Amino acid sequence: ESVVYSFGTLLLDLLSGKHIPPSHALDLIRGKNYLMLMDSALEGHFSKDDGTELVRLASRCLQYEARERPNAKSLVETLTSLQKETEVPSHVLMSLKQETESSTKPLSLTPFGESCLRLDLTAIHAILEKTGYKDDEGVANELSFQLWTSQMQETLNLKKHGDTAFRAKDFVTAIDCYTKFIDGGTMLSPTVYARRCLSYLMNDMPQEALGDAMQAQVVSPEWPTAFYLQATCLFSLGMENDAQETLKDGTNIEAKKHKN
1 ESVVYSFGTL LLDLLSGKHI PPSHALDLIR GKNYLMLMDS ALEGHFSKDD
51 GTELVRLASR CLQYEARERP NAKSLVETLT SLQKETEVPS HVLMSLKQET
101 ESSTKPLSLT PFGESCLRLD LTAIHAILEK TGYKDDEGVA NELSFQLWTS
151 QMQETLNLKK HGDTAFRAKD FVTAIDCYTK FIDGGTMLSP TVYARRCLSY
201 LMNDMPQEAL GDAMQAQVVS PEWPTAFYLQ ATCLFSLGME NDAQETLKDG
251 TNIEAKKHKN
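Following the UniProt record's numbering, the numbering of the sequence shown begins with 1 at its first residue and continues without gaps.
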């Protein structure tokens with residue numbers, strides 16, 4: 001079935017207000033029983049002549065032989081000639097309540113949120129670098145005196161090397177160092193997950209990045225950065241609606257944080 005035939009079935013459904021088998025509809029049209037096809041709710045919305053023309057157009061689109069159907073150009077021309085109220089907003093024509101200004105008001109984004117929306121990874125890198133580890137305070141595991149061993153020192157050195165690579169934008173090395181730090185299991189740091197997340201994004205690995213952004217949220221549930229990075233990953237994966245929702249969550253959490 002062609003696009004034109006499909007349009008014919010759609011137009012027929014709109015005119016009748018119900019689904020009528022195309023073959024039965026064509027019999028009614030051939031018998032000039034137009035009124036039996038038309039939905040009574042459409043009465044008064046267009047003239048009898050226009051209604052007849054729309055039914056004829058639907059019947060032409062539903063012809064069995066493709067060569068007997070109109071092409072897309074003639075379809076548009078016919079519909080354009082029937083269009084009367086070109087300046088009336090669609091919500092008025094469809095009797096829909098227009099959304100209020102407050103409901104359509106765009107979200108007021110923070111610089112971090114703006115960077116996520118633009119997928120500006122360089123700007124996100126600058127923000128994470130400037131913030132450092134201050135958001136880990138009270139979240140990251142505290143190191144007890146007993147854990148100050150050579151192994152712990154080695155683990156902290158891995159983080160330090162990862163930070164140096166991250167600052168230098170050597171994201172492959174950063175991923176390697178942060179992975180070894182995380183696998184060490186001696187300390188949980190949401191910032192390390194955030195930094196490895198961005199490093200993955202810089203290396204075109206959005207799925208892995210999303211895993212780290214979600215892990216950062218597990219470690220620090222009310223951390224806006226975790227939500228912002230999740231939104232960035234979702235945008236990268238083409239999941240626009242989910243990304244917008246997550247970006248909104250991050251923005252609201254940050255706004256609440258500043259109020260407190």
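We put the beta carbon where it would ideally sit given N, CA and C, even for glycine. Remember, it's a predicted structure, so these values are computed and weren't measured experimentally.
The beta-carbon separation of T179 and R195, rounded to 11 Å, does not stay under the 8 Å limit for a contact. DSSP places E43 in the strand class (E or B) of the three-state scheme. C-alpha of Q215 to C-alpha of E208: approximately 11 Å in a straight line. Each residue's CA atom was taken as its position, placing A226 and G238 some 18 Å apart.
Within a 10 Å sphere around the beta-carbon of E254 sit 16 or more other beta-carbons, which makes this residue buried. A check of alpha carbon separations from Y133 across G184, K159 and E222 identifies K159 as the nearest. Here DSSP, grouped into helix, strand and coil, assigns L121 to helix. Excluding its 5 nearest sequence neighbours in each direction, G8 has C-beta neighbours in its own chain below 6 Å: A58, C61 and L62, listed in chain order. When DSSP states are grouped into helix, strand and coil, S16 belongs to the helix group. Inter-residue distance for P190 and R118 is about 23 Å (C-alpha atoms, whole angstroms). A distance below 9 Å separates the beta carbons of Y228 and I124. For the options R67, K169 and S115, the alpha carbon positioned closest to that of L247 is the one of S115. Considering only P111, A126 and S47, the residue with the shortest C-alpha distance to K169 is A126.
Taking a C-beta distance under 9 Å as the contact criterion, P224 and G250 qualify as a contact pair.
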